[in-house]
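Asks: Going by the numbering used here, the first residue of the sequence shown is number -17, and it counts up by one from there. Cβ coordinates follow ideal geometry from the N, Cα and C atoms, glycine included. These numbers were taken from a predicted model, which means no experiment stands behind them.
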Amino acid sequence: MVIFRRLWMFIPLNALLERISNLFLCFLFSVLLVVLGIDSLHAQDKPFEVDIGGYVKELGQISTGNDFNTVRYDNILHHRIESDWTLSEHFEFRADLRTRLLNGYTVNNTPGLDQFYEQDPNYFDLSWVWFHTDHSLMHSTIDRIHASYINGPWSIQAGRQRVNWSRTMAWSPNDLFNNYAFLDFDYEERPGVDALTAQYSWSYASSAEAGIRLGDSWQESVVAGMVRLSLKSYDIQFIGGHYLNHLTVGTGWAGYLGDAGFKGEISYFHPEDTFLEQSGHITATTGIDYMLSSGWYLQGELLYNGGYNQQGNPLNTLVQPPSADNLFIAKSGFLLNGSYQIHPLINGNISFMSSFDRSIFIAIPQITFSVTENVDLLLLSQLLKGSVFRQAVETPNLFFFRLKWSY
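#1: Using the C-alpha atoms, what's the distance from G368 back to A345?
#2: Please report how far the alpha carbon of P29 lies from the alpha carbon of F75, in whole angstroms.
#3: In this structure, does DSSP put S65 in helix, strand or coil?
#4: Starting from F113 and walking both ways along the beta strand (DSSP E), at which residues does that stretch end?
#5: Establish whether the CB of N48 and some CB of chain B are separated by less than 9 Å.
#6: Report, in whole angstroms, the separation of the C-beta atoms of G207 and A192, which I expect to be a contact under 8 Å.
#7: Start and end of the beta strand (DSSP E) containing R80?
#8: Can you tell me the Cα-Cα spacing of L95 and M120, whole angstroms?
#9: In its own chain, which residues sit with a C-beta less than 6 Å from the C-beta of Q373, not counting the 5 before and 5 after it?
#10: Could you say which of P378, W200, T230 and K214 lies nearest to S188 if we only look at CA atoms?
#11: By how many angstroms is the C-alpha of S70 removed from the C-alpha of F409?
#12: Per the DSSP calculation, G222 is bridged to which residue(s)?
#13: Are G141 and A152 touching if we call contact CB-CB under 9 Å?
#14: Are the stretch 254 to 265 and the stretch 295 to 304 touching, with three or more C-beta to C-beta distances below 8 Å?
#15: Is P347 helix, strand or coil by DSSP?
#16: Spatial neighbours of V353 within its chain, please: C-beta separation below 7 Å, excluding the five flanking residues on both sides.
#17: Taking the beta carbon of F251 as the centre, do at least 16 other beta carbons fall within 10 Å, making it buried, or is it exposed?
#18: For L318, count the other beta carbons within 10 Å of its own beta carbon; 16 or more makes it buried, fewer makes it exposed. Which is it?
#19: Which one of Q97, F113 and H114 has the shortest CA to CA distance from D107?
#20: Using three-state DSSP, classify V357 as helix, strand or coil.
#21: First and last residue of the beta strand (DSSP E) that includes S261?
#22: Is the beta carbon of T265 sitting closer than 9 Å to the one on N291?
#23: Look up Y99 in the DSSP assignment and say whether it is helix, strand or coil.
#24: Is it right to say L393 is buried, meaning 16 or more other beta carbons lie within 10 angstroms of its own, or is it exposed?
#25: Locate the alpha helix (DSSP H) running through R372, then write down its first and last residues.
#26: Between I63 and I34, is the Cβ-Cβ spacing less than 9 Å?
#27: Tell me where the alpha helix (DSSP H) around V301 begins and ends.
#28: Return helix, strand or coil for S3, following the three-state DSSP convention.
#29: Just verifying my parser: in three-state terms, what is the DSSP assignment at N136?
#30: Thinking R149 and K245 are a contact (beta carbons under 8 Å), I'd like their distance in whole angstroms, please.
#31: Quick one: Cα of L380 to Cα of I194, how far?
#32: Could you give the distance in angstroms between the alpha-carbon of Y162 and the alpha-carbon of S321?
#33: I'd like the list of long-range same chain contacts for G262, defined as Cβ closer than 6 Å, with 5 residues on each side in sequence excluded.
#34: Any idea which residues DSSP pairs F383 with across the strands?
#35: What are the complete alpha helix (DSSP H) segments, minimum 4 residues, inside the stretch 269 to 337?
Right, dumping it as structure tokens:
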């Protein structure tokens, strides 16, 4: 490992990564050019097809202090357009655009908010602010844009995509490429990442996958692989590779204990730069789910967060995608969740998130109404209790109203 680190000292890494990114873009455009040529020759096999969809959402938020003397309002008008292009028998292309118009307390009272939204967390800058005034901000981002080659057991994708290695519900130490924040309920699609991935499947539940996530430096990149196997009633995966400034290995599983679903993930992270001087840490999560005869669907999940590092505002940390080695604002965590179909058009859900080692208690009740075939109404609250939030969050009681029209 020492030899490995010394070799990297003599490699012009930034130049190498820049060259990789240029090749990455060339690959995307080359794929499109080749595809268009192939499609014109083989249009009779699978015709050119484009599927367009999306939605418009109106999300209102009221946040209050515990004494209800402080009341704040925020609003987001959100439009998403999704496009899937079948270019030929083996080639596909996808591009999605997410646009949001924000106004209210946060826009009025957050200096530099436009700069925050201008900064794309991925390698390529596909995010921009249309305008920013004292009262409103309009922002767009291309969160999916990738070309896919599919031929029998092979699947190759290049571009901004979702690389999903997660097996559990709230916390995922196996999700090295694009983890997500459980409290960010309004981003159902979850973040994408600029990556090149290749997968080979030799059966329905068995495959090997490798991926490269581009970063401005080696410490901001991910190079990892996964093997997924089926063993009796369990799907098991093994992962390993380079994650930011760590080497990592791990495993995950999903199966059944009797009639209950049983899932889990374990990852070990070891710092690369101080490989011999420092020890690594383990982050692990496990959970069960069960359907009662009464119709209640119950879920429970436990977390050991070995990479816990207490930094920043706890609420901001909870609504931003975490790193795979530090998934929560405490060393431990647990989640209880229950959902019930009250009526064919009405679903209720309640979640409780807490910790064994810090004073954290989060209650998330919600109810969803199917108003029409294409219109849904969501009422949801996030109630943040405990000493961790008491001093850091002025308005810990959050109430949301969301109307969504899909097309």
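Replies: So, to answer that:
#1: Approximately 11 Å between the Cα atoms of the pair.
#2: Roughly 14 Å separates the two Cα atoms.
#3: Annotated three-state conformation of S65 is strand, per DSSP.
#4: Per DSSP, F113 belongs to the beta strand (DSSP E) from S109 to H114.
#5: Looking at the structure shown, chain B is missing, and only one protein chain is on hand.
#6: Beta-carbon to beta-carbon, G207 and A192 are separated by about 4 Å, close enough to satisfy the 8 Å threshold.
#7: Its beta strand (DSSP E) spans residues F73 to G86.
#8: Each residue's Cα considered, the two are about 11 Å apart.
#9: For Q373, there are no CB contacts under 6 Å within the same chain when 5 residues up- and downstream are skipped.
#10: Taking only the C-alpha atoms, the option nearest S188 is K214.
#11: Any property of residue 409 remains undetermined from this structure, which presents the chain solely from -17 to 389.
#12: Its beta-bridge partners are G207 and V231.
#13: No, the Cβ-Cβ distance between G141 and A152 is not below 9 Å.
#14: In this structure the stretch 254 to 265 does not lie against the stretch 295 to 304, because fewer than three pairs of beta carbons, one per stretch, are closer than 8 Å.
#15: Correct three-state label for P347: strand.
#16: These residues qualify, in order along the chain: L359.
#17: With 16 or more other Cβ atoms inside 10 Å of its own Cβ, F251 counts as buried.
#18: With fewer than 16 other Cβ atoms within 10 Å, it is exposed.
#19: For the residues Q97, F113 and H114, the minimum Cα distance to D107 belongs to Q97.
#20: Three-state DSSP puts V357 in a strand.
#21: Boundaries cannot be given for S261, as no beta strand (DSSP E) includes it and DSSP labels it neither H nor E.
#22: In this structure, T265 lies away from N291, with their beta-carbon atoms at least 9 Å apart.
#23: The three-state secondary structure of Y99, taken from DSSP, is helix.
#24: The displayed coordinates of the chain run from -17 to 389. Any statement about residue 393 would go beyond what the structure contains.
#25: R372 -> alpha helix (DSSP H) spans S369 to R372.
#26: Contact: yes.
#27: For V301, the uninterrupted alpha helix (DSSP H) segment begins and ends at P296 to V301.
#28: Note that S3 scores a pLDDT of 48, beneath 50, so its modelled location is shaky; the value from the coordinates is reported in the next line. Looking at S3 - three-state DSSP - the assignment turns out to be helix.
#29: The displayed chain sequence assigns Trp, not Asn, to residue 136. If DSSP states are grouped into helix, strand and coil, W136 belongs with the strands.
#30: At roughly 5 Å, the Cβ-Cβ gap stays under 8 Å, so R149 and K245 are in contact.
#31: One C-alpha to the other measures close to 38 Å.
#32: The C-alpha of S321 is placed about 21 Å away from the C-alpha of Y162.
#33: Cβ within range, chain order: Y250, F251 and H252.
#34: Bridge partners of F383: G42 and L361.
#35: Here the runs fully enclosed are 296 to 301.
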